[in-house]
Amino acid sequence: MTAPTSSPDTHAQQPCIHCGDCARACPDALNPEALFFALVQDDFAAVRAARLDACSECNRCVEVCPSHIPLLDWFRWGKSESHERARAAGARARFLARNARLARERAGRAARRREMPAAAALPAQTISHAEVLAAIARGKARRREKRP
Ligand code: SF4
Ligand code: SF4
Numbered sequence: 000m001t002a003p004t005s006s007p008d009t010h011a012q013q014p015c016i017h018c019g020d021c022a023r024a025c026p027d028a029l030n031p032e033a034l035f036f037a038l039v040q041d042d043f044a045a046v047r048a049a050r051l052d053a054c055s056e057c058n059r060c061v062e063v064c065p066s067h068i069p070l071l072d073w074f075r076w077g078k079s080e081s082h083e084r085a086r087a088a089g090a091r092a093r094f095l096a097r098n099a100r101l102a103r104e105r106a107g108r109a110a111r112r113r114e115m116p117a118a119a120a121l122p123a124q125t126i127s128h129a130e131v132l133a134a135i136a137r138g139k140a141r142r143r144e145k146r147p
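So that you can map any letter, position 107 of the sequence shown is 106 in numbering that gives the first Met the number 0, and since no number is skipped, the others follow by simple counting.
What follows is the structure, encoded as structure tokens:
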């Protein structure tokens with residue numbers, strides 16, 4: 000969604016003359032002029048501070064504005080943009096938190112590996128193949144002697 004650029008009515012849009020009519024007309028006690036300039040300047044901290052979300056989109060500020068500024072178009076765009084930016088910021092925060100968690104887990108595994116004692120050395124091979132065969136032969140001979 001792109002920011003509004005021109006007046007939706009047949010009157011040509013003029014610069015804001017700071018008359019204050021929009022603020023006096025707003026049933027939600029907002030300052031549409033301040034909201035408008037915050038949006039034009041892409042200052043979403045100021046947009047939040049000016050409580051754009053409280054705008055009920057009644058259109059009264061547009062009806063009274065002598066400069067025919069499409070305030071409501073700006074406010075609708077601002078709400079959409081604000082939600083989109085909050086969603087993107089949330090996704091980025093979750094991505095960074097996940098990366099940090101994975102890095103912590105990797106560091107923990109590496110530390111545990113460093114703390115593990117070295118594997119005990121395997122005993123050296125002390126019996127030869129010939130000795131194994133001889134032991135098998137002795138076992139067979141003993142079994143044969145025991146047979147009735
Ligand atoms: S459209 Fe929003 S800012 Fe304009 S008068 Fe209505 S509530 Fe107030
Ligand atoms: S009514 Fe229009 S010209 Fe007057 S202060 Fe509000 S935005 Fe500006």
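We put the beta carbon where it would ideally sit given N, CA and C, even for glycine.
Asked                                                                                                              : Found
Local conformation of residue 30 per DSSP, three classes                                                           : coil
Residue 54, enclosing alpha helix (DSSP H) - first and last residue                                                : That residue, residue 54, is in no alpha helix (DSSP H); it is neither H nor E in DSSP.
Cβ pair count under 8 Å reaching 3, the stretch 97 to 104 against the stretch 65 to 74                             : no
Residues near residue 33 by beta carbon distance below 6 Å, same chain, minus five either side                     : 49
For residue 19, the three-state DSSP class (helix, strand or coil)                                                 : coil
Residues near ligand 1, criterion Cβ-heavy atom distance below 7 Å                                                 : 21, 24, 25, 26, 27, 29, 31, 34, 54, 55, 56, 57, 58, 59, 60, 61, 70, 71, 74
Outcome for residue 132 when other beta-carbon atoms lying within 10 angstroms are tallied against a minimum of 16 : exposed
Simplified DSSP state of residue 146, which is helix, strand or coil                                               : coil
Closer than 6 Å: residue 17 CB and nearest ligand 2 heavy atom                                                     : yes
Helix, strand or coil at residue 67 [DSSP, three-state]                                                            : coil
Span separating the alpha-carbon of residue 90 from that of residue 43                                             : 18 Å
Near ligand 2: residue 66 beta-carbon under 6 Å from a heavy atom                                                  : yes
Residue from 106, 2, 55, 141 with nearest C-alpha to residue 36                                                    : 2
Classification of residue 116 by the beta-carbon crowding that lies within 10 angstroms, buried from 16 upward     : exposed
Rounded distance between the beta-carbons of residue 57 and residue 29, thought under 8 Å                          : With a Cβ gap of about 10 Å, residue 29 and residue 57 do not count as contacting.
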